[in-house]
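One structure is given below, encoded as structure tokens.
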Amino acid sequence: KYEIYSIVNDLVAAGKAVIFISSEMPELLGTCDRIYVMNEGAIVAEMPVAEASQENIMGAIMRSGEKV
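So, in structure tokens, the structure goes:
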């Protein structure tokens with residue numbers, strides 16, 4: 215994983231946008247600037263990492279499965 219993080223950091227330092235897909239929340243919180251939560255191919259939540267927490271992300275996941 216170190217090699218992947220190194221490549222991602224190099225791309226970001228060069229001003230490139232990077233889409234980082236992971237189900238590991240600590241990894242996302244430590245790597246990303248912005249987090250999108252998807253369910254069944256649709257974006258159901260978006261938050262800057264400064265406002266994100268494992269609780270906020272899990273809440274978005276749980277709400278995305280609710281039927282209206």
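If you count the sequence shown from 1, position 10 lands on 224 in this note's numbering, and the numbers rise without skipping. Idealized CB from N, CA, C, for every residue including glycine.
For residue j and residue i, the rounded distance between their alpha carbons
| i | j | result |
| --- | --- | --- |
| Gly244 | Ala256 | 24 Å |
| Asn253 | Met276 | 10 Å |
| Ala274 | Glu241 | 17 Å |
| Glu238 | Gln268 | 10 Å |
Cβ pair residue i, residue j closer than 8 Å
| i | j | result |
| --- | --- | --- |
| Val226 | Ile249 | no |
| Ile271 | Val251 | yes |
Bounding residues of the alpha helix (DSSP H) (the contiguous stretch that carries residue i)
| i | result |
| --- | --- |
| Ile275 | Gln268 to Ser278 |
| Val232 | Careful: Val232 lies outside any alpha helix (DSSP H) and carries neither H nor E. |
Residue i (DSSP reduced to helix, strand or coil)
| i | result |
| --- | --- |
| Val263 | coil |
| Ala227 | helix |
Residues near residue i in its chain [Cβ-Cβ closer than 8 Å; skip 5 each side]
| i | result |
| --- | --- |
| Val232 | Val222, Leu225 and Val226 |
Own chain partners of residue i with C-beta closer than 7 Å, once the 5 adjacent residues on each side are dropped
| i | result |
| --- | --- |
| Cys246 | Phe234 and Val263 |
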